[in-house]
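Everything on this sheet refers to the single structure shown next.
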Amino acid sequence: MALSAGLGLKPDHFDAALECSADGLWFEVHPENYMAAGGPRPAWLRAIRARHPVALHGVGLSLAADADPDPVHLERLASLARQIEPALVSEHLAWSAWRGIYLPDLLPIPRTRAALARIAANVGRAQERLGRRIAIENPAHYLRIEGHEFDEIGFLSELARHSGCGVLLDVNNVFVSANNLGFDAAAWIDAFPGALVDEIHLAGHSRDPVHGEALLIDTHDAPVDEAVWALYRRLVARIGLRPTLIERDDNLPAFDALLDERARAHAILDAASQRGAALPEAAR
Amino acid sequence: MSRSTAADHARTLARFQDAFTRALFVDAADPTDDATIAPLRSQLGFAVYRNTVIKGCIDALLANYPAVARLVGDEWMRAAAAFHARHAPPSQPCLVDYGEGFAGFLAGFPPAAGLPYLPDVAWLDRLWTEAHLAADEPPLEAARVASLTEAELANAVLTPHASARWAWFDRHPALSIWRHSRAGAAGPADDGAAFEPAWQAEGALLVRTGDAVVSMALDRAECAFLDACAGMKRLGECAAAALAADPAADLAASMARLLRAGAFTRLHVPCPPPEELPT
């Protein structure tokens, strides 16, 4: 069965998630939370996996660092992937580890040709160790950085061409970044090469407590914004059905509230596939 | 692109990451700021990264040290955690395992001097995390020990369970305080009843049985016995170590208690040395 709409899995919702039987449902986790030698964490994930497809969405490989991926962390990821047999594996176009320090965030880079070569090599190394294609997510942007030699779409396209990776398109990140950096989110969505998209993320964001609307933050602590839903419908109408995840990490509502949001994405995907838009762009 | 230009570009990304990392941890503008970082620091958005990084570290320490957080309150804990995170940031991305040095940090943290038992409570929080994450192993069956002759038993090597962690606290009733604080951290607020543990030394064993980490009080002899087992000593030497710690120790009762708790995983009876083989 094709993956339809899924949910980020939080420990608070573990029992409800285990029992849920919604059509096409799948779950996504940060593998870093389950990389224990033993005990309840990997056991929880195996139990979920026995009932549902699971995707691993990493935050720790730091593929955009100017350094090789940490071999220990890559090994632990590969070991978890062997146990879980994930439907999808993804990471970010960002760095989060540098010279032995882990920085719990998704940090930006100047998108240069040298960065492209380094990141393509890092993605290639991860894919080789995992024995599969991974998808790389566009992060949320908060800074205007000098010295870009590519725009983000061009960089991700080249990264996919050089490394063979796919793209995890986070629509909320496009919306937040467009607001913060002053570009047109709809034009970005329309220009993105649909054939590269392996997965879509949807999440809520917040206004900065001091600067308000001028600075939106990708907080994952609220329902998906209506403007983001509109961008999502626009994207799916063009590129067709893609596994779509509702992310929620903070200010967690009841599981049923998340299921309602997930049902909304499922209905949009369902309508798109019935219109026959499910074929990749290149095949139409 | 010429070779030297490519090398310059490569260094540029590393330099950017050096400068960005430094700027995350230094509040005021740094005179050594890279030319690429100064224009980033001045933007509203730089604070988002700075706040997210430090919040990630603080939240992890709060989650990993619930008994400490309960004792000192949220505001104190967040301030101490921020201080610790700046000096000992995480070294790897599994934050559930972050903060291995927090007990040692608290021992030398002047604002914590009024709560001298706090480092011991933090150490128990840390041992809980280690037990929680440890490898799965079957516990040793008591029947396996009972099946040995006295000579075999004295010669045997007992391996502690991968999740077993123990400590002796010679100045404070750290286990009692830790248990009381953990119970409060997990449940509703204190009922106001005074908590006055007997002020004496305590030992503690934490071990995972199934999914749950359970704690058990240990006496000094039991701690010495487990230390000797972890050192791969033969059981006869482990018993001697326990009796050296407390000549009045009831070793048979201790052994039964530890086996019931699941403190061991394997028992190995080495072949007798060659001179003991029948000729």
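Keeping their order, the protein sequence lines are chains A and B. If you're matching positions, the first sequence starts at 0 in numbering that gives the first Met the number 0 and goes up one per residue. If you're matching positions, the second sequence starts at 0 in numbering that gives the first Met the number 0 and goes up one per residue. Where a beta carbon is used, it is the ideal one built from N, C-alpha and C, also for glycine.
- Under a criterion of Cβ atoms nearer than 8 Å, no residue of chain A is adjacent to B/D124; the nearest Cβ is some 16 Å distant.
- Chain-order list of chain B residues neighbouring A/S95: P92, by C-beta distance under 8 Å.
- Between the alpha carbons of A/H140 and A/S89 lies a distance of about 19 Å.
- The beta-carbon of A/H210 is placed less than 7 Å from the nearest beta-carbon of chain B.
- When DSSP states are grouped into helix, strand and coil, B/Y97 belongs to the coil group.
- Cβ contact annotation for A/L2 (same chain, cutoff 7 Å, sequence separation greater than five): G23, W25, P52, A86, P242, in chain order.
- Comparing C-alpha distances from B/L250 to each of B/H267, B/L225, B/T264 shows the shortest one belongs to B/L225.
- Within chain B, the residues G44 have their CB atoms less than 8 Å from the CB of A/N179, given in chain order.
- The residues V122, Q126, R132, I133, A134, I135, L158, in chain order, have a CB closer than 8 Å to that of A/C164 in the same chain once the five nearest residues on each side in sequence are set aside.
- The three-state secondary structure of A/P242, taken from DSSP, is coil.
- Closest option to B/A102, judged by alpha-carbon separation, among B/P88, B/F263, B/D119: B/D119.
- Under DSSP, B/F168 shares a beta bridge with B/E201.
- Of all C-beta pairs linking the region 157-170 of chain B to the region 59-73 of chain A, fewer than three are shorter than 8 Å, placing the two stretches out of contact.
- Listed as beta-bridge partners of A/R112 by DSSP are no residues whatsoever.
- Taking the C-beta atoms as reference points, B/L132 is found no nearer than 7 Å to A/G239.
- The region 171-182 of chain A and the region 198-209 of chain A touch, with three or more beta-carbon pairs separated by less than 8 Å.
- In this structure, B/Y64 is the residue among B/L258, B/A87, B/A220, B/Y64 with its C-alpha nearest to the C-alpha of B/A121.
- Counted as a single uninterrupted DSSP element, the stretch harbouring A/R247 is not any beta strand (DSSP E), since DSSP gives it neither H nor E.
- Counting along the chain, A/R261 sits inside the alpha helix (DSSP H) bounded by residues 254-273.
- Bridge partners of A/G211 according to DSSP: A/D207.
- Note on geometry: alpha-carbon atoms of B/R85 and B/R164 lie some 28 Å from one another.
- A/D183 counts as exposed, since fewer than 16 other C-beta atoms from the protein chains shown sit within 10 angstroms of its C-beta.
- For A/Y33, the secondary structure class from DSSP, reduced to helix, strand or coil, is helix.
- DSSP places B/R49 in the uninterrupted alpha helix (DSSP H) bounded by 45-63.
- For B/D73, the nearest beta carbon of chain A is not closer than 7 Å to its own beta carbon.
- At a cut-off of 7 Å, the C-beta of A/G130 has no neighbouring C-beta in chain B.
- Against chain B, the CB of A/L73 has no partner CB under 7 Å away; the residue lies outside that interface.
- Of the residues assessed, A/E18 falls on the exposed side of the cut-off, its CB having fewer than 16 other CB atoms within 10 angstroms.
- A direct Cα-to-Cα measurement between A/S20 and A/G5 gives close to 12 Å.
- Between B/L61 and chain A, the shortest Cβ-Cβ separation is not below 7 Å.
- The C-beta of B/H171 has 16 or more other C-beta atoms within 10 Å across all chains shown, which makes the residue buried.
- In the structure shown, A/I118 adopts helical secondary structure according to DSSP, grouped into three states.
- By the CB criterion at 7 Å, B/E151 and B/V268 fall inside the cutoff.
- Exclusion of the five residues before and after B/T208 leaves G261 as the residues of its chain whose Cβ lies within less than 6 Å of its Cβ.
- Its Cα nearest to that of B/A22, the residue B/R49 stands out among B/G44, B/L123, B/R49.
- With respect to chain B, the C-beta atom of A/D224 has no partner C-beta closer than 7 Å.
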